[in-house]
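Each residue of the sequence shown is one higher than the last, beginning at 53 in our numbering.
Okay, so here's the structure we're looking at.
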Amino acid sequence: MNIEAIVMLAASAVVIWGGLIAAIINLSRSPEEHESE
53 MNIEAIVMLA
63 ASAVVIWGGL
73 IAAIINLSRS
83 PEEHESE
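Right under this line is the structure:
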């Protein structure tokens with residue numbers, strides 16, 4: 053594997069995990085509080 057491939061894999065992994073964590077945080081928040089907006 054060349055360095056570019058490793059960097060691309062690392063970047064895509066960070067984006068995917070970041071999206072999953074953000075989705076989990078949004079789901080874990082109580083939806084009742086956001087309905088008041």
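Every residue, glycine too, gets a C-beta built ideally from N, C-alpha and C.
Across the structure, I55 and V66 are spaced so that their CA atoms are roughly 16 Å apart. When the Cα atoms are used, V59 and S80 turn out to be separated by approximately 31 Å. Annotation for N54: no alpha helix (DSSP H) segment contains it, and DSSP assigns it neither H nor E.
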